[in-house]
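Those sequence lines, one after another, are chains W and U. Read in order, the letters of the first sequence are residues 0 to 603 in numbering that gives the first Met the number 0. Read in order, the letters of the second sequence are residues 0 to 284 in numbering that gives the first Met the number 0. I have placed the structure first, in the form of structure tokens, so that the comments after it can refer back to it.
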Amino acid sequence: MQHTTQTAPHETSHAHEHHDLGFWRTYVFSTDHKVIGIQYAVTSLAFLFFGFCLMLMMRWQIAYPGQQIPVFGKLLEAILGETAKGGVMSPDLYNVFGAMHGTIMVFLAVVPLAFAGFGNYVVPLQIGAIDMTFPRLNMASYWTFFLGCVIMFFSFFIPGGAAQAGWTSYSPLATTIPTDGQTYWLIGMVLLITSSLLGAVNFIATIIQLRAPGMTWMRLPFFVWAQFVTAFLLLLAFPPLEAAGIMQLMDRVFHTSFFLPTGLMVGGQVADISGGGSPLLWQHLFWFLAHPEVYVLILPAIGIVSEIIACNTRKTLWGYRSLVYSALAIGFIAFIVWAHHMYLTGMGTKISAFFQTTTMIISIPSVIILTCLFITLWGGSIRFNTPMLFALAFLPMFGLGGLTGLPLGFSFADLHLHDTYYVIAHFHYIVAPGTIFALFAGVYYWYPKATGRMMNEFWGKVHFWVSFIAMNLIFQPMFAQGMAGMHRRMYDGGATYSGVLDPETGDVVGLPGFIISLNKGITHAAMLLALAQLPFIINFFYSMFKGKKVDDNPWKATTLEWQTPTPPPHGNFDKHIEVYRGPYDYSLPGAKDDFTPQTEPSHK
Amino acid sequence: MEVPYTSKPRPDTGLYNAKVGIWLFLASEVMLFGALFSSYILLRVNALEGTWPHGLLNIPIGTFNTAVLITSSITVVMAWASLKLGQFNRFKIYQGITILCALAFMVIKSVEYKDKFTHYQVWLKDGETIRGHIEVPGIEGKPWFMTHKKLEAMEAVDHITIHPDPKPHVASAGGEAPEAHKSENHGGAEEHAHEPRRIEKADIKRLSAFVPAHSTYFAIYFTLTALHALHVMGGALVMAYLWGPGSKMWKTDPERFTNRIEVSGLFWHFVDLVWIFLFPVLYLL
């Protein structure tokens, strides 16, 4: 900062340049981290909704197999033609929607929102920086991401539709499907990975280089730490998937056999390939990314929740250092747990034993984090506003998701539960009522900073309570379905495997009727969840213009983003920022307010 | 409103921004190439006996290309050092050599690629395999990218002529068990190995140029070297920009310009290092 004030003559000329930027450079091709953050957030919120709609239609097919989809069935037929004939979902379309629901939710919605959206907007503000280190790379990151999104979205409309081989795209299936969707998927992924690489480099460099004077590592808000670890995960775990994507692209376009074994049969005939490849190689490379990706999904969410809990309990976070070291530990261990997704591939008991051990170990820092956040609540005078409600709901939901993951971490239990609805329930508890609730919390919490207006509290609470109930009605029954053995990819919701009475033993063989009938309840709950999002969407846009106007620090919070004008101008701060204290100095004895901003010198 | 520490290092970290950025980027690149090298190891270890070809690449050319890249790695440091000493003209010369080396590397690599695209292996239905150059009736010169599928589609063609390689590589490689038996027969056959040989289309089981689809070996060879070549081109483009129009910055902000040369040089060293691994792994082992 000192440095910039010295070069003041330089500065003013630049400042002029920036203020004279036209509409396109200010709002579309902007290099301002706040604009880019909002672009990321809005794009990914749109894809979050789109991915949810795909699943709603699949849920209808699961609950009412072969029946016309109400309201949207005809529309689907009009857009996609034969594959949705009569408004009924065909098996191919079901596969397309399934694969793309996973892909969109993970790579186009939750990660860009949690990491790139919130990270871009909040991290430079919280560390007292005027922008990211590489603003132009930042812009390139968004537009590469956008191009990837366009390609993914466009692939729905090509002949044969989008990718069909699941979000995991296991070869040989993904390679041998004759439609072009998978090729689009791979090209889209390569772009998304490139974008995340640019973002990750930028985040780490920014946090290392652009902290304001006095902002030492242990004075960083926990959200910044979470983003820092997340950026490293993206930086180092994504490239192997890029390599795998390139190789699968080679397999599809140049007919190589990276992932195709010798003697592969396709459609009853020996495939005309050189062979010699390894299907397991794909799985290793894929999960080498996709497991750290789970922590990419969860760490920023924990960061958001920590900020909101500290602010709304009016207490410092209990065990700040434990939180930081746990996040770092997760970052390291996340790289050596990937093969717990592969117990059923026959990779051998020794390797399984290793990955079971590391999987159990990584649960320890997660539990430490959750425990710290729970203890923070103890004895606080909690303000139950909308962001806090979402943040509070995150804790037990994430806990449920995490604990139900333990049986999956043991190969003996996983043999039974693998690829069942139990797995779906487990990771959705972490990501849907977990991460997505934290993201909603973040939207409600930082909305007044970005717009200068509050979102409506009443409708926020309606949004919360209905979503909270619906989420649990959706995912709780899936545990039962999974334990009964219902496979996760069945097109008809398990009807084919419905139970019959074995005349000899008198036992029911197959899925009990009760388990299949749960499908209907889940689908109705999913519709309720969709309805619950309407107040949020309306609230989000309405409040931009009609929301209650607020001052610069409406939540009375301590961290630096509340020290800027609202909304923050280009360059963020209108005063010199110097940091004197840790991030969560709430309710200090003897202080004049119940919050003491980080910029408050200690002698006062 | 300028982002701080673009040219001067931040006191407590001792680094300027771009240096942090490039090292992070290189860490990510290590993971990218690391994954491909790991794939190479896994594919090679899992390869069935006799399916991993040996000695199909031109070692002298590869060695020469290695030397070219190492030279460029030296000159790129000299270019940066010249700027540190304030000798802009020497920088121009050294960086010019670096860029020329990059171009030479690409030219040599494309000649190598071209040779592979016109060099064939034929698997006959009786189990014999022959490598060499082929002639297809109705196609002038050496055909590119011919496959058995394309041959099947050409109804007028009933045979091809193959000029077997003078020294059949299959026989020279020790590790190829099924071929080893045949090498005894080949001992007698080698005298007429140079002779062009007519092969009936009906006898051909599979025909492939030395392209990615030929085998997992060529698949990983082309993937790795093409990705490396993309990096060479990217690096050369950036260095050419900094050598040409970008060098105006020397007059306005010499420190920042020197940093740019350092950062692009770090990237160039990485590209070089990848090749140092690629050469023995693909050509020699």
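Backbone N, C-alpha and C fix where the C-beta goes; we use that ideal spot for every residue, glycine too.
Contact with chain U by residue i, beta-carbon distance below 9 Å
{"i": "W/H645", "result": "For chain W, the structure presents residues 0 to 603; residue 645 of chain W sits outside this window and is missing."}
{"i": "W/Q181", "result": "no"}
{"i": "W/N201", "result": "yes"}
{"i": "W/M217", "result": "no"}
{"i": "W/P134", "result": "yes"}
{"i": "W/T598", "result": "no"}
{"i": "W/E456", "result": "no"}
{"i": "W/P238", "result": "yes"}
{"i": "W/S256", "result": "yes"}
{"i": "W/E241", "result": "yes"}
Within-9 Å CB hit, residue i to chain W
{"i": "U/F276", "result": "no"}
{"i": "U/S207", "result": "yes"}
{"i": "U/Y4", "result": "yes"}
{"i": "U/A218", "result": "yes"}
{"i": "U/G264", "result": "no"}
{"i": "U/G33", "result": "yes"}
{"i": "U/N184", "result": "Its pLDDT being 44, under 50, U/N184 is placed unreliably in this model, and the coordinates cannot settle the point."}
{"i": "U/G20", "result": "yes"}
{"i": "U/A176", "result": "Unreliable positioning characterises U/A176 in this predicted model, as indicated by a pLDDT of 41, which lies under 50. The coordinate reading is nonetheless provided below. Not an interface residue."}
Of the listed residues the options, nearest to residue i (C-alpha basis)
{"i": "W/T522", "options": "W/F221, W/L322, W/A62", "result": "W/A62"}
{"i": "W/K531", "options": "W/L136, W/M249, W/V465, W/N94", "result": "This sequence places Ala at residue 531 of chain W; Lys is not what is there. Selected option, being the one with the closest Cα: W/V465."}
{"i": "U/V273", "options": "U/F63, U/Y93, U/L223", "result": "U/L223"}
{"i": "W/F221", "options": "W/P567, W/G379, W/G318, W/H425", "result": "W/G318"}
{"i": "W/K545", "options": "W/L369, W/A326, W/M453", "result": "W/M453"}
{"i": "W/L343", "options": "W/V304, W/G408, W/P299, W/T315", "result": "W/G408"}
{"i": "U/P165", "options": "U/I129, U/P136, U/A155", "result": "U/I129"}
{"i": "W/L298", "options": "W/G493, W/G275, W/G276, W/L327", "result": "W/L327"}
{"i": "W/T565", "options": "W/G451, W/L500, W/P600, W/T348", "result": "W/G451"}
{"i": "W/R24", "options": "W/V95, W/L53, W/P134", "result": "W/P134"}
{"i": "W/I435", "options": "W/L391, W/L79, W/L124", "result": "W/L391"}
{"i": "W/M396", "options": "W/S410, W/H417, W/L369, W/L416", "result": "W/L369"}
{"i": "W/L438", "options": "W/A40, W/L399, W/I35", "result": "W/A40"}
{"i": "W/F513", "options": "W/M526, W/Y496, W/G505, W/L528", "result": "W/Y496"}
{"i": "W/G398", "options": "W/I367, W/N137, W/E577, W/H415", "result": "W/I367"}
{"i": "U/S302", "options": "U/V231, U/V19, U/T146, U/L23", "result": "The first residue shown for chain U is 0 and the last is 284, placing residue 302 of chain U beyond what the model contains."}
7 Å Cβ cut-off: residues of chain W touching residue i
{"i": "U/F24", "result": "V200"}
{"i": "U/P142", "result": "Per Cβ cutoff of 7 Å: no residues; U/P142 is ~18 Å from chain W at best."}
{"i": "U/T12", "result": "I207, Q208"}
{"i": "U/M30", "result": "L235, P238, P239"}
Simplified DSSP state of residue i, which is helix, strand or coil
{"i": "W/W317", "result": "coil"}
{"i": "W/G160", "result": "coil"}
{"i": "W/W337", "result": "helix"}
{"i": "W/S365", "result": "helix"}
{"i": "U/L141", "result": "According to the sequence displayed, residue 141 of chain U carries Lys and not Leu. Reduced to three states, the DSSP call for U/K141 is coil."}
{"i": "W/Q67", "result": "coil"}
{"i": "W/H290", "result": "helix"}
{"i": "W/F594", "result": "strand"}
{"i": "W/M359", "result": "helix"}
{"i": "W/T344", "result": "helix"}
{"i": "W/M485", "result": "coil"}
{"i": "W/M264", "result": "strand"}
{"i": "U/W122", "result": "strand"}
{"i": "U/F117", "result": "As written in the sequence, residue 117 of chain U is Thr, which differs from the Phe given in the question. Coil."}
Chain-ordered neighbours of residue i on chain U, where CB pairs are closer than 7 Å
{"i": "W/S273", "result": "A212, H213, S214, T215"}
{"i": "W/E81", "result": "By Cβ distance, chain U contributes nothing, its closest Cβ being about 29 Å from W/E81, past 7 Å."}
Under 8 Å from the C-beta of residue i: neighbouring residues of chain W
{"i": "U/A46", "result": "G275"}
{"i": "U/T128", "result": "Neighbours of U/T128 on chain W: none; closest Cβ ~12 Å, over 8 Å."}
Residue i: contacting residues in chain U (beta-carbon distance under 8 Å)
{"i": "W/F397", "result": "Result: empty, since nearest Cβ-Cβ is about 28 Å, beyond 8 Å."}
TODO: Count the C-beta pairs between the region 66 to 80 of chain W and the region 177 to 187 of chain W that are closer than 8 Å, then say yes if the count reaches three, no if not.
DONE: no
Task: the region 43 to 50 of chain W contacting the region 97 to 106 of chain W, beta-carbon criterion three pairs below 8 Å - done: yes
Open item on the list: Counting beta carbon pairs with one atom in the region 13 to 20 of chain U and one in the region 226 to 240 of chain W, are three or more of them shorter than 8 Å?
Closed with: The region 226 to 240 of chain W makes no contact with the region 13 to 20 of chain U: fewer than 3 CB pairs, one atom from each, lie closer than 8 Å.
Task: Touch test, the region 293 to 304 of chain W against the region 425 to 433 of chain W, Cβ-Cβ under 8 Å, three pairs minimum - done: yes
Open item on the list: Can you confirm whether the region 309 to 328 of chain W touches the region 373 to 388 of chain W when touching is taken to mean that 3 or more C-beta pairs between the two stretches lie within less than 8 Å?
Closed with: yes
Open item on the list: Could you check whether the region 247 to 261 of chain W touches the region 203 to 222 of chain U, counting it as contact only if at least three pairs of C-beta atoms, one from each stretch, sit closer than 8 Å?
Closed with: The answer is yes - the region 203 to 222 of chain U touches the region 247 to 261 of chain W, with three or more Cβ pairs under 8 Å.
TODO: Would you check if the region 411 to 427 of chain W and the region 438 to 447 of chain W touch, i.e. whether three or more CB-CB distances between them fall below 8 Å?
DONE: Under the 8 Å Cβ criterion, the region 438 to 447 of chain W does not count as touching the region 411 to 427 of chain W, having fewer than three qualifying pairs.
Task: Meets three-Cβ-pair contact criterion under 8 Å: the region 266 to 280 of chain U and the region 131 to 146 of chain U - done: no
TODO: Give a yes or no on contact between the region 150 to 160 of chain W and the region 213 to 220 of chain W, applying the rule of three or more CB pairs nearer than 8 Å.
DONE: With the cut-off at 8 Å, the region 150 to 160 of chain W and the region 213 to 220 of chain W do not touch.
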